[in-house]
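> Counting from 13, one number per residue, gives the positions in the sequence shown under the working numbering.
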Amino acid sequence: MPAPWRQDRWSVLLRLLLAIPQIVVVWVLSVVAFFVTVIGWFGALLLGRLPGFAVRYLSAYVPYEARVNAYLMLAMDHYPPFRFRAPGYPVQVELRPGELNRLAVLFRIILVIPASIVQGLLHAGWWAVCFISWLVVLVLGRMPQSLYEATTAILRYQLRYTSYLLMLSSAYPKRLFGEEPGSEPERVSATRPLVLSGGGRLLLVVFLILGLISWVTSSVTASVNSGDDDTNDDNGINPSQRVVAPLVPGPVGQGAER
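In structure tokens form, the structure reads like this:
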């Protein structure tokens, strides 16, 4: 991906609305990708690599999803094209499908759990403050460098996670916080190699913490609600009465009896 540049404020203002068609397309493509992956899993167990049809479809689906995510998360202003191959689009993905370890393929769904947790926390944290990010980009007309670095780090980690889950890569997702300066001699783009500043690394940590808080809060809320439902059921109260009663004029108890 190239370095952040000025974005059209109207595009930023209506970003979520404009992205709806792409979100629908990605959802449909992901349903197909699920069945292709399931069939490809059996093929990979037998062949030690993904079958050709699975490689072709998944290698087109993953970059498509990456382009839409980059647009949706405000890292990119260009609207993603409705096609698999987009050589002129600023976001480019390089995949190297190859031989797979059959044992790693067999236990892929278990092995990917730690990376799935990290990926989930990152996205939960980013979306928890997405309104603030959206407002900053809308006012400035561009994404600040630190926010851009943290966002692209999340996008790259998700790309590596998806590629590993779909067996397009045998490499486990890693280097969430980017590469060290000078680790790669050739500078291809602003994100290859991805070198994060102190601000970018700090934002990643903040997103992880916010994601964890969001997960704990939702878990506690679900447990409390579940406990309340069990208590009401034990007391012989029909849960629907709690909804109907306030809508009936008069005291709550009388409304429930009616």
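Don't be surprised by glycine CBs; every beta carbon is placed ideally from N, CA and C.
A quick note: this is a predicted structure, and the numbers were derived from the prediction, not measured.
Please report the residue range of the alpha helix (DSSP H) in which residue 175 lies.
DSSP places residue 175 inside the alpha helix (DSSP H), whose first and last residues are 157 to 177.
> Would you check if there are 3 or more beta carbon pairs closer than 8 angstroms linking the stretch 67 to 79 to the stretch 98 to 107?
Counting Cβ pairs under 8 angstroms, three or more are found: they touch.
> Restricting to Cα atoms, I'd like to know which of 15, 18, 25, 20 is closest to residue 146.
25
> Go through its chain and collect everything with a Cβ distance to residue 153's Cβ below 7 angstroms, but skip five positions before and after it.
Taken in chain order, the residues that qualify are 18, 19, 21.
> So for residue 132, helix, strand or coil by DSSP?
helix
> Within the stretch 71 to 153, note down every full alpha helix (DSSP H) run reaching 4 residues or more, in order along the chain.
114 to 118, 120 to 123, 125 to 140, 142 to 152
> Comparing alpha-carbon positions, which option in 98, 166, 49, 81 lies nearest residue 120?
49
> Pick helix, strand or coil for residue 64, following the three-state DSSP scheme.
helix
> Where does residue 204 sit, in a helix, a strand or coil, going by DSSP?
strand
> Quick test of your reading: residue 9 and residue 140, contact by CB under 8 angstroms. State the CB separation rounded to the nearest angstrom.
Within the shown structure, residues of the chain are numbered from 13 to 270, placing residue 9 beyond reach of any answer.
> Starting from residue 190, follow its DSSP beta bridges and name the residues at the other end.
207
> If you draw a straight line from the C-alpha of residue 155 to the C-alpha of residue 54, how long is it?
43 angstroms
> Let me check understanding here. Comparing Cα to Cα, which of 143, 114, 35 lies closest to residue 94?
35
> So is residue 127 buried or exposed if we call it buried at 16+ other beta carbons inside 10 Å?
buried
> Answer yes or no: do residue 180 and residue 109 have a C-beta to C-beta separation smaller than 7 angstroms?
yes
> Once the 5 residues before and after residue 266 are set aside, which same chain residues still bring their CB inside 7 angstroms of it?
Residue confidence for residue 266 is low, a pLDDT of 44 falling below 50, so the modelled location carries little weight; the figure read from the coordinates is stated next. Within the same chain, residue 266 has no close Cβ partners at all.
> Given this structure, state the Cα-to-Cα distance separating residue 231 from residue 124, to the nearest angstrom.
22 angstroms
> When you compare each of 96, 167, 132 to residue 223 by their alpha carbons, which one comes out closest?
Considering only alpha carbons, the answer is 132.
> Taking only three categories from DSSP, how would you classify residue 269?
Only weak support exists for where residue 269 lies, its pLDDT of 43 falling under 50; the coordinates are left without a value.
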